[in-house]
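Visitor: Taken in order, these protein sequences are the chains called P and H. Every letter in the first sequence is one number past the one before it in the working numbering, and letter 231, counting from 1, is 231. Every letter in the second sequence is one number past the one before it in the working numbering, and letter 85, counting from 1, is 85. What follows is a structure written as structure tokens; I'll ask about it next.
There are 2 protein chains.
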Amino acid sequence: MISLDASAPEQGLQPVRRFTLAEEVADQVRRAIISGQIAEGSAISEPKLAAQLAVSRVPVREALVELEHDGVVEFDHRGRCQVRQFSAEDVREIVTLRQTLEVMSARLAAQKLTAETAASLQENVQALEQETDVTNISRLDVAFHDLIMQAAGHSRLLTCWRTVRAQFELLLAKAHRWQQAHDIPVTDHALRGHRPILTAILARDADKAGQAMRQHIEDWGELNYKLGMDTEA
Amino acid sequence: MISLDASAPEQGLQPVRRFTLAEEVADQVRRAIISGQIAEGSAISEPKLAAQLAVSRVPVREALVELEHDGVVEFDHRGRCQVRQFSAEDVREIVTLRQTLEVMSARLAAQKLTAETAASLQENVQALEQETDVTNISRLDVAFHDLIMQAAGHSRLLTCWRTVRAQFELLLAKAHRWQQAHDIPVTDHALRGHRPILTAILARDADKAGQAMRQHIEDWGELNYKLGMDTEA
DNA sequence: AATTTCTAAACTGTATACAGTATATCTGAG
DNA sequence: CTCAGATATACTGTATACAGTTTAGAAATT
């Protein structure tokens with residue numbers, strides 16, 4: 001039985017989060033972009049999208065601004081919105097920025113490790129090692145990196161992470177789609193890379209965790225470069 | 001005489017940038033917050049602000065979202081907006097995140113150095129060394145770090161930088177105000193710190209540039225901690 | 001047939017309007 | 001005088017409306 005005294009609210013009860021239409025629109029559109037349902041380079045018209053989703057333009061507008069911060073759409077100088085296309089240079093940027101941000105997160109996670117975090121990470125890695133479905137692999141892969149970011153306990157680092165997270169997801173999904181289309185078995189990239197990071201974090205070895213993370217993302221980058229060359233050829 | 005053939009537009013002419021009310025509102029409010037004109041913790045009401053600025057709520061709303069991304073205001077779970085207050089932990093986060101981002105920028109700037117960048121940086125450092133007005137010192141200090149970010153030529157790193165830039169400016173302005181109020185001469189912190197960074201970048205020594213930057217921000221952090229202790233006591 | 005001109009549709013930026021919820025003020029009872 | 005309850009004010013989230021500009025298409029001209 002929990003107390004209902006408002007002056008002692010630390011009973012595990014949290015303030016009710018209000019979900020706005022803008023957030024829901026952003027989620028839906030982001031997913032549609034990541035999944036390739038909305039193609040790269042597509043123009044996005046506020047009125048049309050609003051009509052499709054049966055909401056007014058206002059939440060749509062706010063959602064698009066959010067997605068711009070996520071780096072998955074961009075506005076031209078006239079205010080027109082379109083789904084972003086990723087050049088080879090963009091991929092390089094995403095890789096190098098991820099390295100910087102995630103090396104930091106891995107180091108902090110190693111330093112601040114708690115029992116709960118350790119459990120979540122172990123669970124995630126084990127689940128990934130047994131998973132075969134591509135969509136679930138993607139989800140678990142991203143979740144691993146999210147968990148470490150969370151574990152770093154650095155709210156502003158998390159803010160930065162949000163500026164690349166969706167782009168990371170997008171590239172990941174794109175790569176998996178390409179591999180499936182060409183009957184290439186989905187890489188065991190994450191499988192090989194995550195375990196060493198986990199081990200280093202569990203050992204509270206910041207240097208080793210950072211190094212493992214750097215290498216992991218470096219490998220991912222090379223995978224993407226190769227893929228990029230193939231897809232453009 | 002320049003060609004007006006639209007099919008050959010690379011004549012130094014650029015697409016006309018359209019400035020929106022939202023951007024102007026964001027600029028004004030950001031400046032007001034940084035300068036302390038709007039106090040930390042103040043509630044910001046959309047209708048009131050809109051009335052003061054003689055615009056509708058829509059651009060104000062967009063501006064506040066922008067300022068939230070800048071980290072200078074926050075929305076509570078009810079959607080109420082208020083000017084953010086910075087705890088000691090916040091200052092630590094800002095310092096450590098700046099270290100990560102700016103070490104990267106310094107390294108890249110050293111690697112990609114161009115003649116123009118070199119000139120701008122030298123000009124900036126010289127101007128700072130001769131400047132005595134506090135406001136101008138702040139401006140030049142921030143500009144130095146902006147220049148290096150620009151020189152890094154990494155659009156996504158710049159995006160991350162924007163999530164802390166205003167908070168950096170805010171802390172800087174706050175420190176200067178406090179120092180002035182107590183008749184303490186404005187620190188020569190930037191003066192001492194920038195020159196070594198410049199030298200390393202000009203020498204195209206990424207390691208040294210990164211190390212100098214890390215040290216510079218570390219020093220700035222310690223300055224802020226001391227100040228924080230004084231102001232809270 | 002190609003190109004220019006004119007016209008109509010569509011889109012963005014901004015303003016206004018409305019509904020539901022929270023906050024604050026006022027009143028009355030104890 | 002304090003506190004509970006009721007009423008009024010204010011605010012956010014969303015929808016709708018409007019103006020200026022851009023884009024696309026039709027008509028007209030060479």
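C-beta: ideal position from N, C-alpha, C; glycine also.
(1) If I measure Cβ to Cβ from H:C151 and keep anything under 6 Å in the same chain, skipping five residues before and after, which residues do I get?
(2) Reducing DSSP to helix, strand and coil, say where P:N224 ends up.
(3) Can H:T163 and P:T159 be called in contact, C-beta distance under 7 Å?
(4) Name the chain H residues that come within less than 9 Å of P:P15, Cβ to Cβ?
(5) Figure out for me which residue from P:R80, P:H69, P:L202, P:G36 has the closest Cα to the Cα of P:E46.
(6) Taking C-beta to C-beta, are P:V83 and P:S42 nearer than 7 Å?
(7) Closest by CA to H:I217, which one among H:H145, H:R156, H:G153, H:A166?
(8) Does P:V73 come out as helix, strand or coil in the three-state DSSP assignment?
(9) Less than 8 Å between the CB atoms is what I'm expecting for P:V60 and P:V103, so what's the real figure, rounded?
(10) Would you say H:T199 lies against chain P (beta-carbon separation less than 7 Å)?
(11) At a Cβ threshold of 7 Å, is H:R177 touching chain P?
(12) Between the Cα of P:E123 and those of P:K112, P:A143, P:E169, P:I38, spot the shortest distance and give me the residue it belongs to.
(13) Taking H:E93 as the query, report the chain P residues whose CB atoms sit under 8 Å from its CB, ordered along the chain.
(14) Candidates P:W220, P:D133, P:G210: which alpha carbon is nearest P:F106's?
(15) Give the interface partners of H:T100 over in chain P, defined as CB-CB distance under 7 Å, in chain order.
(16) H:I217 CB to nearest chain P CB: under 7 Å?
(17) Let me know the secondary structure DSSP gives P:A54 once reduced to three states.
(18) Within the 7 Å Cβ cut-off, does H:L97 reach chain P?
(19) Span of the alpha helix (DSSP H) holding H:V91?
(20) What residues from chain H crowd round P:T163, counting only those whose CB sits closer than 8 Å?
(21) Does any residue of chain H bring its CB to less than 7 Å from the CB of P:P9?
(22) I need the boundaries of the beta strand (DSSP E) containing H:Q179, first residue and last residue.
(23) Please say whether H:A166 and H:V72 have beta carbons closer to each other than 7 Å?
(24) Identify, in the order they occur along the chain, each residue of the same chain with its Cβ nearer than 6 Å to the Cβ of P:G221, setting aside the five sequence neighbours on each side.
(25) What's the call for H:N224, buried or exposed, on a 16-neighbour Cβ count within 10 Å?
(26) Checking 7 Å against the spacing of the C-beta atoms, do P:H182 and P:V125 come in under that value?
(27) Name the chain H residues that come within less than 8 Å of P:H145, Cβ to Cβ?
(28) Interface residues of chain P around H:R18 at Cβ under 8 Å?
(29) Would you call the CB atoms of P:A175 and P:L227 closer than 7 Å?
(30) List, in chain order, every chain P residue whose beta-carbon is nearer than 7 Å to that of H:H69.
(31) Since P:A22 contacts P:A63 with CB under 8 Å, what's their CB separation in whole angstroms?
(32) Kindly list the residues whose CB is nearer than 6 Å to the CB of H:V134, restricted to its own chain and excluding five residues on each side of it in sequence; keep chain order.
(33) Taking the CB atoms as reference points, tell me whether P:L128 and P:L147 lie closer together than 7 Å.
Guide: Answer, in terms of the structure:
(1) Note that residue 151 of chain H corresponds to Ala in the displayed sequence, not to Cys. So the qualifying residues of the chain are A109, T117.
(2) helix
(3) yes
(4) Per Cβ cutoff of 9 Å: D76, H77, R78.
(5) P:R80
(6) In contact: P:V83 and P:S42 (Cβ atoms closer than 7 Å).
(7) H:H145
(8) strand
(9) About 37 Å separates the two Cβ atoms, so there is no contact after all.
(10) Contacts with chain P at 7 Å (Cβ-Cβ) do not include H:T199.
(11) no
(12) P:A143
(13) H154, S155, R156, L157
(14) Checking the sequence shown, residue 106 of chain P turns out to be Ala, not Phe. For the residues P:W220, P:D133, P:G210, the minimum Cα distance to P:A106 belongs to P:G210.
(15) T100, M104, listed in chain order.
(16) Taking 7 Å as the CB threshold, H:I217 stays off the interface with chain P.
(17) Three-state result, P:A54: coil.
(18) yes
(19) Element bounds for H:V91: 88-112.
(20) R156, T159, C160, T163
(21) Because P:P9 carries a pLDDT of 42, less than 50, the predicted location of this residue cannot be relied on, and the following value inherits that uncertainty. With 7 Å as the cut-off, P:P9 does not count as an interface residue toward chain H.
(22) Per DSSP, H:Q179 belongs to no beta strand (DSSP E); it is in the alpha helix (DSSP H), 155-181.
(23) yes
(24) V95
(25) That one is buried.
(26) no
(27) Simply none; closest approach about 16 Å.
(28) H77, R78, G79
(29) yes
(30) H69
(31) 5 Å
(32) H176, V186
(33) no
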